[in-house]
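J.: Using the numbering used here, the first residue of the sequence shown is number 508, and each one after it goes up by one. All residues carry an ideal CB built from backbone N, CA and C; glycine is no exception. Note that the structure is a prediction, hence the values are computed from the model and not measured. To start, I am sharing the structure in question, which I have written as C-alpha cells.
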Amino acid sequence: MSVKTRFECLQCGALVETIPGDLIYQCEFCKTKSYLASKGVLRYIHIPNASASAMPGNHAFHPFNTEHSINDAIIQIPFWSIKGLQYRIMPDKKIDFSLINSTIPALNQINYIHNLGYFSDVMDLKLDLNGDLVPAPQINQNNALELTEKRIKTLSYTSKSLFDRLIGETYSLISAPFRMMKDGNSFIIKNIYTGMIIATMDENSAQMLLNYTKEIFTQYKTTPLPLICQNCATDLPVEHLAISVICPHCFNLWKLTNAGYEWQRYKMALPKNDNHTFYLPFWDIEIHLEAFKISSRYDLMTAAMPYRLWNEEWKTRTLKAIVPAFKLNPGLFLKLSNRFTLMQIDPDIISERLPFHSAAHSIILSADEAIQSLKVVFANMFINQKNYFDSISDLKINIGNIDTIFFPFRKSHHELINDELNISVPLNAIKLGTCM
Ligand SMILES: [Zn+2]
Ligand SMILES: [Zn+2]
C-alpha cells in the first residue's frame, strides 16, 4: 500500500498529490514543474482535515502549540517515514522479500516500537517549506533504518534466515499533533486522531519534550527550483523519486542535491546497433571481497560459472559489480545485477554524452542503496554453489570507485532489449519500480 500526500502548489495553491520524500513535483493546474532542494529530507506536517476534526471528542485545535502549560499542550512529534525493501536470505536457498512502509519516532523520548498508527489513503500533509513547523529529528536517518530493522525482527518471523538486509528507498519526516495530558503523577502523550498513547513520562521529561518541540530549526529550509536544465534551459523530465535527471536536449546529467543542481559525470556503453537508442543507468561499483578468494573479474566469472574457460586477460581486471540505478521489482533487480555483473563480453565504455535522438531513464536508485544491495546480489549469484552460499552471511564487501554507466537498449512493444548482451527488461517492470 502506498501513502500519498497532498500539499498546496507553491505557485498557485492548488492541491498537488505526491508521495512523501519525492523531490519532484508537477502541478496539474498551473503546470509548474519543480524540484525541492532541501537541507535534509523533506518534512511534512499532518494538518487536520475535515473528517479528522469531525471525529468525536476532537475539539478544535491549532496545529502549532501556543500554550506554555504542559497539561493539555499540543506538540508536534516527528516520525521518520521509511519506504524500502527487506530481503531475507533463507538457508533453503530462497530469497524472500517484502515491501516496508513504516514510520518510526524521530525523538529519543519516544520508544521505537511506536508508529504513527494510521495511514489513511490520503494524508493531508503540508510541506514544511521554511523548516519552522516540524521539530528536528534527534535520531538520524541511518539509525531510524536500523531501528526499523530491529522492530521488524522483534515483531515477526519464526523461521531463521542466513541474513536480512533492509534497503531504505525513500525517507521523509512526517510530524503529527499529539496532546500532552496529566494522568495521576505522570504525563501521557496521546495521538490526537487515534487516541493512541505513545509515551508516559514524568513532569521533567514532559517539560523537556515540550521545550524541544517548540524550538525552531530554520536551517532546514526547502527551496523549490524550476525543473530545467542548467546548461540549456530545456525542461527536465518529471520523473518521480528521481535523484539525478538527464537533459533530453543536451544530455547533461544533473544531480538534485540539497544545495541545488550539481553536474554529474557519467559514462556510456557504445551501442552496436543503430536502433539501440534508449539508455538505462547502472552503477558500476569497484569491489573487494574479503574471504571469498575472488579478486579479479576472471576469478568471479570462474567462481560463478566454473564450467567455462574465461578470458585470461580478465585476471588483471578489477572486480566490479554492475547494478541498476533505477527501480525494478526485487526479483528482476537481482536478475539484472547478475547478468550485468557477469557480463560475458567487453562493451566499449566511453566518457561521452549520449548521442542526439536518444532518450534515457533518470537515476532513481542511489549509489548507497546499490551498495546496500550488493550482499544480496552475491547471495543470489551463488545460490546454487554450496561453498560460497554457506559462508555468504560472513561475506564482507569493500567498495572502491563508483561510476554511472548508461547502457543502450532498443524498445519493442513490451520490453527494452540489448541484443549484444542478450538481455531484456519488461517495460512495465520499470514503470512498476518507479511508481511508488
Ligand atoms: Zn500550481
Ligand atoms: Zn540541457
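Within this structure, are the beta carbons of Gln616 and Val548 separated by less than 8 Å?
T.: no
J.: In terms of alpha-carbon separation, which member of Ser605, Cys519, Asp579 and Ile582 lies closest to Leu590?
T.: Looking at the sequence shown, residue 590 is not Leu but Lys. With distances taken between Cα atoms, Lys590 lies closest to Ser605.
J.: Counting along the chain, where does the alpha helix (DSSP H) carrying Phe536 start and finish?
T.: Looking at the DSSP string, Phe536 is not in any alpha helix (DSSP H), and its letter there is neither H nor E.
J.: Using CA atoms only, rank isn't needed, just tell me which of Pro755, Ile794 and Ile620 is closest to Pro862.
T.: Pro755
J.: Is Gly528 buried or exposed, if buried means 16 or more other CB atoms sit within 10 Å of its CB?
T.: buried
J.: Around the C-beta of Tyr594, are 16 or more other C-beta atoms found within 10 angstroms, so that it is buried, or is it exposed?
T.: Taking a 10 Å sphere around the C-beta of Tyr594, we find 16 or more other C-beta atoms and assign the residue as buried.
J.: How many Å lie between Val830 and Ser898 at the Cα?
T.: 22 Å
J.: List the DSSP bridge partners of Arg595.
T.: Beta-bridge annotation (DSSP): Arg595 is paired with Asp603 and Asp671.
J.: Counting only runs that start and end within the region 777-833, where is the beta strand (DSSP E) found for 3 or more residues in a row?
T.: 785-797 and 827-831
J.: Suppose you measure from the CA of Ile696 to the CA of Pro642; what does that come to, to the nearest Å?
T.: 16 Å
J.: Ligand 2 heavy atoms versus the CB of His864: any closer than 7 Å?
T.: no
J.: List the endpoints of the continuous alpha helix (DSSP H) containing Val884.
T.: Ala874 to Met888
J.: What do you reckon, is the C-beta of Thr525 under 7 Å from a heavy atom of ligand 1?
T.: no
J.: Using beta carbons (cut-off 8 Å, strictly below), is His921 in contact with chain D?
T.: Looking for chain D here will not work: only one protein chain is present.
J.: Thinking just about the alpha-carbon of each residue, which of Gln645, Ala874, Arg846 and Gln892 is nearest to the one in Asn925?
T.: Arg846
J.: Helix, strand or coil: how does DSSP classify Phe758 here?
T.: coil
J.: Looking at ligand 2, does it come within less than 7 Å of Thr809, judged from the CB to the closest heavy atom?
T.: The answer is no for Thr809.
J.: At what residues does the beta strand (DSSP E) containing Met708 begin and finish?
T.: Ile704 to Met708
J.: If the criterion is Cβ atoms closer than 8 Å, does the pair Phe586 and Ile554 meet it?
T.: no
J.: Please list the terminal residues of the continuous alpha helix (DSSP H) segment that includes Ser844.
T.: Pro837 to Thr848
J.: Determine the direct distance from the alpha carbon of Asn650 to that of Leu843, and round the result to whole angstroms.
T.: So the two alpha carbons sit approximately 30 Å from each other.
J.: May I have the straight-line CA-CA distance separating Leu734 from Thr741, to the nearest angstrom?
T.: 9 Å
J.: In angstroms with no decimal places, state the Cα-to-Cα distance between Ile937 and Asp791.
T.: 19 Å
J.: Taking only three categories from DSSP, how would you classify Thr720?
T.: helix
J.: What's the call for Arg804, buried or exposed, on a 16-neighbour Cβ count within 10 Å?
T.: buried
J.: I need the straight-line Cα distance from Gln518 to Asp635, nearest angstrom please.
T.: 15 Å
J.: Quick one: is Ala798 buried, meaning 16 or more other Cβ sit within 10 Å of its Cβ, or exposed?
T.: In the assembly as shown, Ala798 is an exposed residue. Its beta-carbon has fewer than 16 other beta-carbons within 10 Å.
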